[in-house]
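*Asks:* Supplied in structure tokens, the structure appears directly below.
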Amino acid sequence: MTDEGTLEYWRRLSREAASGELNLDPAIAAEIQDACESFVSELQIAREKAAFLGNIVGIGGLDSANELAAKFVDKAVGPGGLIERLEQNIDIVRLISETVSHSVKTTIEVDEAIGDALSSVTGVFDR
37 MTDEGTLEYW RRLSREAASG ELNLDPAIAA EIQDACESFV SELQIAREKA AFLGNIVGIG
97 GLDSANELAA KFVDKAVGPG GLIERLEQNI DIVRLISETV SHSVKTTIEV DEAIGDALSS
157 VTGVFDR
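Residues 37 to 163 in the numbering used here are what the sequence shown spells out, letter by letter.
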């Protein structure tokens, strides 16, 4: 699945979670959100390190060496390069976390509504 396909998949799941169609156990959701937060931090560190790849030196003074260096720089910081891919993955992981958050919020709201409804009919069953 392409990154765009992955983003669309998680956008759809996020909409489902926000509308109450996707439910997760809050304990499991907390673990997922912790993992997402940790992974985003790792991806951000990788992105910061990748920025240094935009300045490649020491390959030599030949034209072919300069062309090779330019290709490496483009792969790192150019369009569709490493930094862009890392940013796309950060967006995906943040969307996963958002989806989980929507799911838990909706689950808690539904549980509270059911609890309120049950507490209002308690007298009916006490007879």
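Glycine included, each C-beta is placed from N, C-alpha and C at the ideal position.
1. Residue 60 and residue 136 look like a contact to me (Cβ under 8 Å); what is the Cβ gap, rounded to whole Å?
2. Helix, strand or coil, according to DSSP, for residue 31 in the structure here?
3. What are the start and end residues of the alpha helix (DSSP H) that includes residue 75?
4. How is the alpha helix (DSSP H) around residue 43 delimited, first residue to last?
5. Can you tell me which of 149, 143, 39 puts its alpha carbon nearest to the alpha carbon of residue 64?
*Replies:* According to the structure shown:
1. 6 Å
2. Nothing can be reported for residue 31, as the shown portion of the chain is limited to 37 through 163.
3. 62-87
4. 39-54
5. 143
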